[in-house]
Amino acid sequence: MPNPSYQDCNDCPNYSELIERLLFFNKVSQNILEKKPLPDLLNEIINSSKSLLNAEASSLLLYDRGENYLYFHTVSGEKRKALTHKKIKIGEGIAGWVAQHKNEININDCYSDPRFNKDFDKATGFKTRNMLCAPMIRKNELVGVIQVINKKDNRLFNEQDIDLFNLLASECALAIENARLAEVEIKTEQLNYELKIAHQIQQKLLPSKLPKLEGYELSAELIPAKEIGGDYYNVIKIDDDQTLFFVADVSGKSVSAALIVSTIYSFIQTYLIISSERFDLRDFVQSLNTFLITSTTQDKFATAWFGLLIHSEKKLISINAGHNPTFFFDNSSSELIELTKGGLLLGSIDFPYESEAIKLKRNDLIIFYTDGIPEAMNKSNIEYGEDRFKKLIVKYSPLPPDKLLNKIITGVKKFRGTAEQSDDVTLGVIKTN
C-alpha cells in the first residue's frame with residue numbers, strides 16, 4: 000500500500016492534511032475489513048499501520064488465552080525474522096503492559112522507560128527510539144497488541160496519531176475475529192465434506208443387498224448415531240455350502256472407529272482370497288485378532304460375533320469375541336439361548352478362541368446386534384435393556400425377519416422417545432424355513 004504524501008505536524012495539522020489522512024485511513028480500513036485469510040490479514044494490518052502512522056517498523060502480537068502470552072505473528076521492518084517466534088508474558092515489557100491494562104501507550108523515549116525490554120533491540124540490531132502501542136479489543140476481550148515504532152523524520156507520535164491508531168486497533172480486532180470465524184467455518188465445511196466422503200465409503204463397505212440363501216430368510220440394518228460410526232456387519236457367501244455372518248462394534252466414534260472398520264473389511268477380503276479353498280472360522284477369528292493387535296493402537300479394539308452357517312448340515316458355528324450375546328430362538332421349545340462362547344474382544348491380547356455349534360430346525364431364529372439396542376436410553380437415563388429386547392423377540396418370533404427387525408427397531412425408538420440416539424444400532428435376523 001503506498002504511503003500518502005503529507006507533511007506530518009506534531010502540533011496543529013492543517014485541514015487539507017487532516018482530510019488527506021482521513022481518506023487514507025478510510026482506504027486502510029476497507030482493505031483490512033475485506034474478507035481474506037488470517038495470515039494475509041495480519042500482513043495487511045502491519046503494513047497499513049506502518050504507512051498510516053508514517054513509522055519505520057510495526058508489529059502485531061496475538062493473545063493466546065490458554066497460555067496467557069502474546070506471540071509475535073507479524074513483524075515489519077529490518078531484522079524482522081529475529082522476532083518471528085518470540086513471545087511476551089502478559090504484564091512484561093511495553094506490549095505486555097498494554098495487554099494487561101488494555102490501554103494504549105505513547106513513549107517518546109523508550110530507553111528511558113523502565114518497562115521497555117532492550118533485549119529485542121539486542122537480538123535484532125534495531126534501535127527503538129519511540130513507540131506507539133495499542134490493544135486490539137473485541138467485546139472487552141483482548142485479541143492482541145499492535146505497535147508502530149520510530150516515527151519517521153525523527154518526529155514523535157502525536158495525539159492525532161494516537162486517536163487514529165486506537166481506531167485502527169479496534170477495527171483490526173474486529174477483522175481478526177471475523178477472519179478466525181471464517182477459518183473455523185471453512186475448516187468445519189472441509190470436515191463435513193470429509194465426513195460425508197467417509198460416510199459414503201463406509202456405506203460401500205456394508206452389503207448393498209443380502210445374499211439369497213435357500214432355506215433361510217435374512218434381514219439386517221445399521222443405523223449410525225453420527226454420520227460415520229464404529230458398527231459394522233456383513234454377510235458373505237464363502238461357497239455354495241458356507242455363509243459367514245459378522246457383526247462388530249469398534250471402540251470410539253467417528254473417523255478413528257471408521258478407520259478400524261475399513262481395516263477389518265480389508266482383512267476379511269484378503270483372508271477370503273488366501274483361504275478360499277478351506278475356510279476355518281477359528282483360524283479366521285484368531286488371524287483377525289492378531290492382525291488388529293499389530294495394526295492398531297492399544298486403545299483401539301472391537302467386540303464382534305461370527306457365525307458360520309453350514310447349509311447342508313443346517314448347522315451354525317458361533318464365536319463371540321467379547322460381544323453382546325447373540326440370541327438363538329429355539330422355535331420348538333420357545334427358549335431363547337445366549338451364544339457367548341468364544342473369547343476376549345479383538346485387538347487386545349493374543350487369545351485362543353473357542354466355538355460352539357447349534358443345529359437349526361424350521362422357524363428357528365438367530366438374532367445378532369450391537370449394544371446400541373440394549374443400551375438405548377430415554378430422557379430419564381433409563382436403558383432399554385436386554386429383558387425388553389428378549390421379550391420382544393419371543394413375542395414377535397412368528398413374523399418374517401424383516402417384520403421382526405422392524406418391530407424391534409420401532410420398539411427401541413419408541414422407548415427412547417425424544418432422547419438423542421447416543422450409539423450406532425445394528426440388528427440382524429436369520430430365520431430357517
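Numbering (numbering that gives the first Met the number 0), first residue to last: 0 to 432.
Beta carbons are placed, not taken as given, at the ideal position from N, Cα and C, and that holds for glycine.
The model shown is predicted, which means the values in this text are computed figures rather than measured ones.
N- and C-terminal bounds of the beta strand (DSSP E) containing residue i
i      : result
Lys313 : Lys313 -> no beta strand (DSSP E), and no H or E assigned at all.
Phe290 : Counting along the chain, Phe290 falls outside any beta strand (DSSP E), though it belongs to the alpha helix (DSSP H) covering 280–294.
Phe414 : Taken as a continuous stretch (DSSP letters only), Phe414 belongs to no beta strand (DSSP E), being part of the alpha helix (DSSP H) at 400–415.
Ser48  : Not the beta strand (DSSP E): Ser48 falls in the alpha helix (DSSP H), residues 37–51.
Ala247 : 241–249
Ala375 : No beta strand (DSSP E) holds Ala375; DSSP gives it neither H nor E.
Asn105 : 104–106
Ile89  : It is not in any beta strand (DSSP E) - Ile89 carries neither H nor E in the DSSP assignment.
Lys236 : 230–238
Glu220 : 215–222
Residue environment, residue i, which counts as buried when at least 16 other CB atoms sit within 10 Å
i      : result
Ala356 : exposed
Gly229 : buried
Pro351 : exposed
Gly214 : exposed
Ile348 : exposed
Tyr110 : exposed
Glu140 : exposed
Met130 : buried
Asp279 : exposed
Gly427 : buried
Leu166 : exposed
Ile381 : exposed
Glu43  : buried
Glu158 : exposed
Glu419 : exposed
Pro476 : A query on residue 476 cannot be resolved here, the shown segment of the chain reaching from 0 to 432 and no further.
Pro38  : exposed
Pro1   : Reliability of the predicted coordinates at Pro1 is poor, the pLDDT of 43 falling under 50, and no value is obtained from them.
Ser435 : As shown, the chain starts at 0 and ends at 432. That puts residue 435 outside it, with no answer to give.
Ile336 : exposed
Lys390 : exposed
Ser333 : exposed
Thr187 : exposed
6 Å Cβ shell around residue i - same chain, five flanking residues per side excluded
i      : result
Ala81  : The predicted position of Ala81 is uncertain, since its pLDDT is 48 and thus under 50; a value taken from the coordinates is nonetheless stated next. Only Ala122, Thr123 meet the Cβ criterion.
Ala375 : Tyr383, Val411, Arg415
Ser218 : Pro400, Asp401, Leu404, Val428
Gly321 : Thr302, Leu343, Leu344
Ile89  : Asn67, Gly95, Ala98, Gln99
Lys236 : Pro210, Thr242
Phe244 : Val234, Gly306
Asn432 : Gly214
Phe367 : Val246, Trp304, Thr325, Gly427
Asn288 : Leu345
Neighbourhood of residue i by C-beta distance below 8 Å, restricted to the same chain and skipping five residues each side
i      : result
Ile136 : Lys101, Val142, Ala168, Ser169, Ala172
Ala292 : Strictly speaking, residue 292 in this sequence is Ile, with Ala absent from that position. Excluding residues within five positions, the ones whose Cβ falls inside 8 Å are Gly346, Ser347, Ile348, Asp349.
Ile309 : Asp240, Gln241, Leu315, Ile316
Ser311 : Asp240
Ser294 : Thr262
Ile222 : Gly371, Ile408, Gln420, Asp423, Val424, Thr425
Leu40  : Ile31, Ala174, Ile175, Ala178
Asp10  : Caution is warranted here: a pLDDT of 44 is assigned to Asp10, below 50, making its placement in the model unreliable, and the coordinate value is therefore given only provisionally. Correct list, in chain order: Asn157.
Extent of the continuous alpha helix (DSSP H) to which residue i belongs
i      : result
Lys389 : 384–394
Thr123 : 118–123
Gln420 : Note, Gln420: premise wrong, no alpha helix (DSSP H); not H, not E.
Ala439 : There is no way to answer for residue 439, as the model of the chain reaches only from 0 to 432.
Own chain, CB closer than 7 Å to residue i, minus 5 neighbours either side, in chain order
i      : result
Glu353 : Lys340, Gly341, Gly342
Leu338 : Ser317, Asn319, Pro324, Thr325, Phe327, Glu355
Tyr395 : Leu403, Lys406
Ser4   : The predicted position of Ser4 is uncertain, since its pLDDT is 38 and thus under 50; a value taken from the coordinates is nonetheless stated next. Closer than 7 Å at Cβ, skipping near neighbours: no residue.
Glu55  : Gly76, Ile148, Asn149, Lys151
Ile185 : none
Glu176 : Arg137, Val142
Ile365 : Gly306, Leu315, Thr325, Phe327, Ile429
Glu385 : Pro373
Residues sharing a beta bridge with residue i, DSSP
i      : result
Glu337 : Phe326
Ile267 : According to DSSP, Ile267 bridges with nothing at all.
Ile136 : Leu141
Phe367 : Gly427
Lys358 : Lys314
Phe115 : Answer is none; Phe115 lacks a bridge partner.
Asp63  : Tyr68
Ala303 : Ala247, Gly321
Gly346 : None; Gly346 has no bridge partner.
Leu131 : Asn105, Val147
Any non-hydrogen atom of the ligand MG closer than 6 Å to residue i Cβ
i      : result
Gln146 : Only the bare structure without any ligand can be found here, which leaves the ligand MG out of the picture.
The region 267–285 in contact with the region 205–214 per 3-pair CB rule at 8 Å: no
The region 173–184 touching the region 146–153, judged by at least three CB pairs closer than 8 Å: no
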